[in-house]
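This report refers to the structure that appears directly beneath it.
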Amino acid sequence: MKEYILITGASSGIGYEMAKQLAAKQQPLLLLARSEEKLQSIQQEIKKLYKVEVDYLLFDLSEPNAAQEIYNQVKEKQYNVTGLINNAGFGDYGNFTEMSLKNDEAMIAVNITALIGLTKVFGADMIANGKGRVMNVASLVSFLPFPYYTIYSATKCFVLAFSETLAAEWEGTGVMVKALCPGTVETPFHTPAMRKTNAMYANTPMSADVVAKAGADLFLNGKGIKVVGTLNTILSFLPRITPRTIMMKIKKNLASSKT
Ligand SMILES: NC(=O)c1ccc[n+]([C@@H]2O[C@H](COP(=O)([O-])OP(=O)(O)OC[C@H]3O[C@@H](n4cnc5c(N)ncnc54)[C@H](OP(=O)(O)O)[C@@H]3O)[C@@H](O)[C@H]2O)c1
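The opening position of the sequence shown corresponds to residue 27 in our numbering, with each subsequent residue numbered one higher.
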């Protein structure tokens with residue numbers, strides 16, 4: 027039976043690039059996002075380029091019960107999902123009280139609730155089969171939560187903590203849990219306001235294909251946590267040697283708007 031990798035958020039950015047990297051290694055794929063036209067054209071592109079099985083599912087991960095419904099559909103269509111990449115996510119930037127609560131809640135639903143749910147339902151099958159891989163896309167801000175990205179940063183802190191603890195819990199089961207932690211990446215993730223921050227000017231974003239290569243390598247062959255890029259790796263260690271109050275001042279300056 028063919029073994030599929032389910033990639034959420036595969037219609038754009040890092041997810042799309044990871045889909046291509048994994049397809050190039052002849053991995054059958056199940057892509058998930060909300061944008062049908064994009065997924066259809068990515069499916070055609072990947073099939074043509076790599077002659078590998080690729081199908082897609084249309085789901086809004088902010089919907090309640092999304093994970094269980096996705097699992098039910100996967101079972102109905104008889105896909106054997108042995109790999110899961112929880113990549114879908116979005117952020118918001120601004121003053122905490124001025125950003126909509128509805129959007130905060132949707133962010134928590136996509137970045138956290140759906141990620142937990144998918145890991146639980148597909149992870150249970152993986153544990154029962156004694157093999158499988160889960161990779162969660164966290165962020166550099168999982169180590170360095172930024173002001174003005176308050177809810178987003180907190181969701182990514184959750185993703186890292188969840189991934190590390192579950193990896194330890196599942197040790198010896200044959201199921202690995204990993205976390206990819208990119209710094210700034212050039213994708214449609216960034217809103218115009220995010221693009222005006224000091225951090226954006228201070229640190230040139232990495233390209234999505236470079237980050238996706240690190241992600242595909244971690245997913246297929248690596249273990250644990252991968253911070254992408256040397257500078258980002260150094261930055262991820264800074265909180266260990268810098269007092270929290272000083273760290274937060276630096277981050278507040280970086281997250282402030284240039285204009
Ligand atoms: N870009 C960065 O600087 C950066 C840095 C660190 C970590 N990350 C993380 O990397 C991951 C991928 O982000 P990206 O930069 O590649 O952004 P992106 O290009 O905007 O891609 C986000 C993906 O998530 C999907 N998505 C968003 N909301 C969804 C929903 N409600 N239901 C289903 N799918 C949804 C989008 O698909 P549809 O719109 O078609 O649904 C899209 O495929 C995210 O978890 C992000 O937090 C990004």
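Glycine included, each C-beta is placed from N, C-alpha and C at the ideal position.
Bridge-paired residues (DSSP) for residue i
i	result
Y82	L57
E197	The partner list for E197 (beta bridge, DSSP) is empty, contrary to what the question assumes.
M202	R159
T34	L58
T210	Answer is none; T210 lacks a bridge partner.
E287	In the structure displayed, the chain extends from 27 to 285; residue 287 sits before or after that span and is not available.
Any non-hydrogen atom of ligand 1 closer than 7 Å to residue i Cβ
i	result
V100	no
K204	no
R60	yes
G86	One point to set straight first is that residue 86 is Asp, not Gly, in the sequence displayed. Yes - ligand 1 has a heavy atom lying nearer than 7 Å to the Cβ of D86.
P214	yes
N113	yes
K128	no
K2	The displayed coordinates of the chain run from 27 to 285. Any statement about residue 2 would go beyond what the structure contains.
G248	no
P218	no
A36	yes
S233	no
Assigned exposure category for residue i - 16 Cβ within 10 Å defines buried
i	result
L206	buried
N155	exposed
A193	buried
G41	buried
F148	buried
K204	buried
I72	buried
D86	exposed
R159	buried
P208	buried
Q66	exposed
Short CB-CB distance (under 8 Å) between residue i and chain D
i	result
E29	In summary, chain D is missing from the structure at hand, where a single protein chain is found.
4-residue-minimum alpha helix (DSSP H) runs that sit fully inside the segment 127 to 183, ordered along the chain: 127 to 134, 140 to 155
Specify whether the segment 57 to 74 and the segment 101 to 109 touch according to this definition: at least 3 beta carbon pairs, one from each stretch, less than 8 Å apart. no
Enumerate, from N- to C-terminal direction, the unbroken beta strand (DSSP E) stretches of 3 or more residues contained entirely within the segment 81 to 125. 106 to 112
Contact between the segment 267 to 282 and the segment 159 to 175 is defined here as three or more beta-carbon pairs at a separation below 8 Å; is this criterion met? yes
Segment contact, 8 Å Cβ cut-off, at least three pairs: the segment 216 to 233 with the segment 177 to 188: no
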